[in-house]
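Peer 1: Sending over a structure as structure tokens; questions will come in a sec.
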């Protein structure tokens with residue numbers, strides 16, 4: 470079956486609630502549908518939700534994370550911090566654990582200063598014992614682990630503790646707790662045991678192969694049509710591993726082609742009719758997205774959301790990703806806001822008509838109001 474790039478673009482926006490926004494009560498549904506919020510910066514998940522949910526308020530996310538505990542924040546896809554639904558956290562964790570742990574161990578092998586296995590085990594156990602009782606920052610944890618490691622300076626202990634927290638998170642044993650600082654700029658992250666966030670959680674009940682298949686099906690429901698390369702890009706899996714997972718679920722997928730392109734993409738059979746019925750006459754609203762937004766990080770091939778000539782303005786040096794705005798469904802510029810300036814600065818990637826400029830400025834004012842609101 471063949472579709473246009475415009476149909477793919479609109480279908481993806483619709484899947485991400487950027488065509489029609491979700492209701493205020495659907496926060497967890499939105500997080501679940503888009504396969505998690507990227508939370509590499511403090512403000513990013515709040516602005517991602519603001520762009521997708523009608524009348525979204527900042528305290529909704531805090532409540533879902535730390536009071537209702539319907540969401541979990543930790544290192545997941547590509548070893549970066551994400552917020553996912555508590556219900557599906559076991560799927561993400563089991564599917565990604567070996568990839569995350571393997572990558573972390575390869576990273577540590579390049580380091581000169583490492584702990585002996587016995588020391589590492591003691592540090593891991595002590596850290597977990599403490600975090601099973603309370604949620605703490607690294608600074609708060611350091612006095613609590615005094616005496617566990619012998620012959621190291623405080624700076625060295627801090628390095629080893631940071632590594633332990635990362636490793637325990639990759640193993641699905643701990644996760645992020647409520648940070649210190651404001652919603653816009655955290656001071657320090659806290660950490661807590663997963664058992665404090667999820668009652669009755671047992672990752673070993675889920676088979677790894679089954680978890681990977683479920684993760685791919687979730688991904689394709691949100692980001693499909695997509696390729697195995699896209700899935701590798703999003704998860705951090707190796708190419709051969711992604712291809713194998715696709716083979717495992719091929720009976721649930723349908724292959725499609727994009728007009729005037731040479732690649733084939735895959736999507737869920739059950740979603741095909743939604744793509745076929747997408748309304749190409751209706752223009753999507755102008756949307757402002759934060760740095761590392763899920764939509765931006767969902768595919769290796771960005772052609773559905775941006776022209777390749779703009780790639781260098783979105784994907785920045787040192788692995789940075791710019792906050793952007795969408796006009797008529799495509800990335801047409803970037804934005805920034807500093808609390809000290811109290812002003813949103815816009816950077817258009819190409820000439821834009823007066824009517825479109827008005828749409829961008831109107832939405833930027835709405836974003837400013839959200840950022841500055843209580």
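Numbering (our numbering), first residue to last: 470 to 843. Note that the Cβ used here is the ideal one computed from N, Cα and C, for glycine as well. These figures come from a predicted structure and were not determined experimentally.
Have a look at residue 601 and residue 536 and give me their C-alpha separation to the nearest angstrom.
Peer 2: Taking the straight line joining both Cα atoms gives about 17 angstroms.
Peer 1: Looking at the structure shown, is residue 726 part of a helix, part of a strand, or coil, going by DSSP?
Peer 2: The answer is strand: DSSP assigns residue 726 an E or B state.
Peer 1: Quick check on the burial criterion: 16 or more other C-beta atoms within 10 angstroms. Buried or exposed for residue 759?
Peer 2: Residue 759 is buried by the Cβ-count criterion.
Peer 1: Touch check for the region 691 to 699 and the region 717 to 736: three-plus C-beta pairs under 8 angstroms?
Peer 2: Judged by Cβ distances under 8 angstroms, the region 691 to 699 makes contact with the region 717 to 736, as three or more pairs qualify.
Peer 1: With residue 564 as the anchor, note down where its beta strand (DSSP E) starts and where it stops.
Peer 2: Premise fails: residue 564 lies in the alpha helix (DSSP H), 558 to 578, not in any beta strand (DSSP E).
Peer 1: Please determine, among 705, 700, 648, 757, the residue with the shortest C-alpha to C-alpha distance to residue 815.
Peer 2: Ranking the options by Cα distance to residue 815, first place goes to 757.
Peer 1: Should the region 639 to 657 be regarded as contacting the region 590 to 610, the criterion being three or more beta carbon pairs within less than 8 angstroms?
Peer 2: Judged by Cβ distances under 8 angstroms, the region 639 to 657 makes contact with the region 590 to 610, as three or more pairs qualify.
Peer 1: Return the CA-CA distance between residue 805 and residue 685, expressed in angstroms with no decimal places.
Peer 2: Approximately 33 angstroms, taken between the alpha carbons.
Peer 1: Here's the rule I'm using: 16 or more other beta-carbon atoms within 10 Å means buried, otherwise exposed. How should residue 808 be labelled?
Peer 2: Exposed.
Peer 1: Taking C-beta to C-beta, are residue 666 and residue 541 nearer than 8 angstroms?
Peer 2: Going by C-beta atoms, residue 666 is nearer than 8 angstroms to residue 541.
Peer 1: Tell whether a beta-carbon distance below 8 angstroms holds between residue 544 and residue 636.
Peer 2: Contact: no.
Peer 1: Using the rule of at least 16 other Cβ atoms within 10 Å of the residue's Cβ for burial, across every protein chain shown, is residue 790 buried or exposed?
Peer 2: Its Cβ being crowded by 16 or more others within 10 Å, residue 790 is buried.
Peer 1: Among residues of its own chain, excluding the 5 on either side of residue 813, which ones have a beta-carbon nearer than 6 angstroms to its beta-carbon?
Peer 2: If we look at residue 813 and ignore the five residues flanking it on each side, its Cβ neighbours are 804, 806, 833, 837.
Peer 1: Determine the burial state of residue 624: buried for a count of at least 16 other Cβ atoms within 10 Å of its Cβ, exposed for fewer.
Peer 2: By the neighbour-count rule (16 or more Cβ atoms within 10 Å), residue 624 is not buried but exposed.
Peer 1: Could you check if residue 742 is buried or exposed, using at least 16 other CB atoms within 10 Å of its CB as the buried criterion?
Peer 2: By the neighbour-count rule (16 or more Cβ atoms within 10 Å), residue 742 is not buried but exposed.
Peer 1: Three-state secondary structure (DSSP) at residue 504?
Peer 2: Residue 504 falls in the coil class under three-state DSSP.
Peer 1: Flag this pair as yes or no: are the beta carbons of residue 485 and residue 764 separated by less than 8 angstroms?
Peer 2: Cβ atoms of residue 485 and residue 764: closer than 8 angstroms.
Peer 1: Is DSSP giving residue 524 helix, strand or coil here?
Peer 2: DSSP places residue 524 in coil when its eight states are reduced to three.
Peer 1: Helix, strand or coil: how does DSSP classify residue 779 here?
Peer 2: Helix.
Peer 1: To test your reading of the DSSP string, which unbroken beta strand (DSSP E) runs of 3 or more residues are found completely within the region 753 to 804?
Peer 2: You should have 756 to 758, 793 to 796.
Peer 1: Give the range of the beta strand (DSSP E) segment to which residue 662 is assigned.
Peer 2: Taken as a continuous stretch (DSSP letters only), the beta strand (DSSP E) holding residue 662 covers 659 to 662.
Peer 1: Step through the CB atoms of chain C and report whether any lies within less than 8 angstroms of the CB of residue 694.
Peer 2: Of the protein chains in the structure, only one exists, and it is not chain C.
Peer 1: Check whether the region 473 to 483 touches the region 770 to 786, taking contact to mean three or more Cβ pairs, one atom from each stretch, closer than 8 angstroms.
Peer 2: The region 473 to 483, when compared against the region 770 to 786, does touch it at the 8 angstroms Cβ threshold.
Peer 1: Which one or two residues does DSSP pair with residue 814 in a beta bridge?
Peer 2: According to DSSP, which records beta bridges pairwise, residue 814 is partnered with 805.
Peer 1: Excluding the 5 residues flanking residue 593 on each side, which residues of the same chain have their C-beta closer than 8 angstroms to its C-beta?
Peer 2: These residues qualify, in order along the chain: 633, 636, 637.
Peer 1: Hey, how far is the Cα of residue 502 from the Cα of residue 723?
Peer 2: If I take the Cα positions, the gap works out to 20 angstroms.
Peer 1: At 3 residues or longer, what runs of the beta strand (DSSP E) sit wholly inside the region 630 to 707?
Peer 2: List check, beta strand (DSSP E) in window: 643 to 645, 659 to 662.
Peer 1: Would residue 699 pass as a contact of residue 769 if the rule is Cβ separation under 8 angstroms?
Peer 2: It is a contact, given that the beta carbons lie within the stated cut-off.
Peer 1: Measuring straight from C-alpha to C-alpha, what distance separates residue 470 and residue 725?
Peer 2: Near 5 angstroms, if we compare the C-alpha coordinates of residue 725 and residue 470.
Peer 1: Helix, strand or coil for residue 554? Go by DSSP, reduced to three states.
Peer 2: Here residue 554 sits in strand by DSSP.
Peer 1: Cα separation between residue 619 and residue 612?
Peer 2: Residue 619 and residue 612: Cα-Cα distance of roughly 14 angstroms.
Peer 1: In chain order, what residues of the same chain have a beta carbon less than 6 angstroms from the beta carbon of residue 717, not counting five sequence neighbours either side?
Peer 2: 682.
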